[in-house]
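Taking it in order: structure first as structure tokens, then the write-up.
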Amino acid sequence: MTYDFKRLLLKHDQWLEFDLGHPSIVTSLITKGRGDTFQDQWVTKYKVSFSNDTRLWVYYKDKSQIEPKEFSANNDRDSERIHFLNEPFFARFVRLHPTEWHNHVSMRAAILGCPHQGACFPGYFRVNSEAQCVENMAYKKQTWTNDRNRRQQPTVIGETKFRSARETNGDPSLAVDGLEDSLDWSKCATIDNYFVRKPVWMVDLGRITNVAGVMLRTWHGNNKSNNSTISSSVYRDYLANLDRYNVYVHYRPRRYRFNNANLCSFITRTDQALTSSSRIHFQCQRQLRGRFVYIEADGVTDRWNKLFTAVLCEVFVYEQ
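Put into structure tokens, the structure is as follows:
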């Protein structure tokens with residue numbers, strides 16, 4: 104990796120930052136000079152800091168040392184300099200802070216260590232059993248649904264209809280609370296078409312990013328015996344009338360309508376996963392950039408009773 108500091112005018116507060124994905128043990132650092140030019144430019148000394156959240160940073164120190172350690176770097180453009188740390192540290196983000204350099208602040212660098220092998224930490228997940236842990240961009244973020252704007256709605260004959268009892272459960276934030284141990288209906292977010300034709304659930308990722316895919320952990324009929332509070336009508340509506348999920352990525356919040364340019368992926372009733380798998384993967388067919396991720400549910404059209412409920416137990420969003 105090459106990084107050029109030439110454009111920075113100040114000597115202090117310059118750094119090269121690495122995002123390791125999941126917090127891991129860092130054991131070694133490698134640096135080289137600038138490689139995309141014939142000019143002699145390299146860093147001769149630097150310090151190291153690390154963090155797990157980019158807010159609190161700790162400078163690396165050797166054992167029993169008070170001041171941050173200053174590492175010796177390079178003497179030319181192409182020679183590789185490696186440092187094996189006396190005190191390996193555990194972090195997700197690592198910064199190299201140049202303190203002295205030759206001609207210009209330019210360097211290439213690499214971080215070596217031990218990738219995380221155990222269970223993923225809160226806020227991380229595996230797309231499949233063989234993959235490394237990646238950040239869940241949706242974890243504990245702000246959520247919204249379009250089917251809860253009105254607690255009551257007038258009917259065509261002037262009466263007032265109220266939402267069904269199932270509406271009292273299923274707060275949208277339950278889909279990003281990080282709790283995966285149980286697939287109990289009461290611990291999942293729910294959306295339905297009682298007031299809207301296509302209910303939508305939204306999460307605000309907090310920043311614009313390239314979304315690569317979405318994982319949905321949902322609830323299915325084989326869990327019914329463990330959820331005695333679920334009425335047979337709600338269970339039947341959910342199992343029989345839910346027909347499709349669409350996943351969209353957008354720059355703007357609280358959208359009701361979408362076009363194909365925002366579509367990440369979809370799954371329909373013809374796919375067995377919709378009604379049989381508790382874990383559904385929506386892999387975006389192309390790179391989609393945005394801040395807000397939407398899950399839109401749709402129902403069958405060939406039944407007299409078209410009411411359905413979509414159950415979102417946990418939503419995971421990962422970056423490109």
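Each residue of the sequence shown is one higher than the last, beginning at 104 in this note's numbering.
For each residue, glycine too, the CB sits at the ideal point set by N, CA and C.
No experiment lies behind these values; they were computed from the predicted model shown.
_Start and end residues, alpha helix (DSSP H) containing leucine 282_ = Counting along the chain, leucine 282 falls outside any alpha helix (DSSP H), and DSSP gives it neither H nor E.
*What does a CB cutoff of less than 7 Å around cysteine 387 pick up in its chain, not counting 5 residues either side in sequence?*
Val314, Ala315, Gly316, Cys367, Ser368
*Mind listing, in chain order, the continuous alpha helix (DSSP H) runs of no fewer than 4 residues lying wholly within the region 359-412?*
376-379
*C-alpha gap between proline 275 and aspartate 181, whole angstroms*: 54 Å
*Given tryptophan 204, which residues of its chain have a CB within under 7 Å of its CB, disregarding the five upstream and five downstream residues?*
Trp145, Val146, Thr147
*Cα-Cα separation, methionine 240 to arginine 320*: 15 Å
_The beta strand (DSSP E) that contains cysteine 416, what's its start and end?_
Run containing cysteine 416: none; DSSP gives neither H nor E here.
*Please work out which residues of its chain come closer than 8 Å, Cβ to Cβ, to arginine 406, disregarding the five sequence neighbours upstream and downstream, and give them in chain order.*
Ala343, Asn344
*asked:* Rounded to the nearest angstrom, what separates glutamate 399 and leucine 132 at their Cα positions?
replied: 45 Å
*For the beta strand (DSSP E) holding cysteine 223, just list the boundary residues, first then last.*
Per DSSP, cysteine 223 belongs to no beta strand (DSSP E) and is neither H nor E.
*Would you mind stating whether leucine 308 and phenylalanine 395 have Cβ atoms separated by less than 8 Å?*
yes
_Assumed close pair aspartate 165, glutamate 190 - CB separation to whole angstroms, cut-off 8 Å_ = 6 Å
*Ranges of the beta strand (DSSP E) found wholly within the region 125-155, counting only runs of at least 3*: 145-154
*When DSSP labels each residue in this structure, what does alanine 241 get in the three-state scheme?*
coil
_Helix, strand or coil for methionine 104? Go by DSSP, reduced to three states._
Here methionine 104 scores only 35 on pLDDT, less than 50, and its place in the model is too uncertain to base an answer on.
*List the residues that DSSP assigns as beta-bridge partners of aspartate 307.*
Phe395
*Using the rule of at least 16 other Cβ atoms within 10 Å of the residue's Cβ for burial, across every protein chain shown, is proline 424 buried or exposed?*
This structure leaves residue 424 out entirely; the chain is present only between 104 and 423.
*Going by alpha carbons, who is nearest to serine 127 out of Pro171, Ile214, Thr412?*
Ile214
*Compute the Euclidean distance between the alpha carbons of asparagine 231 and histidine 384, then round it to the nearest angstrom.*
10 Å
*So what does tyrosine 122 bridge to, in DSSP terms?*
Contrary to the premise, residue 122 reads as aspartate rather than tyrosine in this sequence. Aspartate 122 pairs with Phe196.
*Could you name the residues of the same chain whose beta carbon sits closer than 8 Å to that of proline 302, not counting the 5 residues immediately before and after it, in chain order?*
Thr248, Asn249, Asp250, Ile294, Asp295, Asn296, Glu399, Ala400, Ala413
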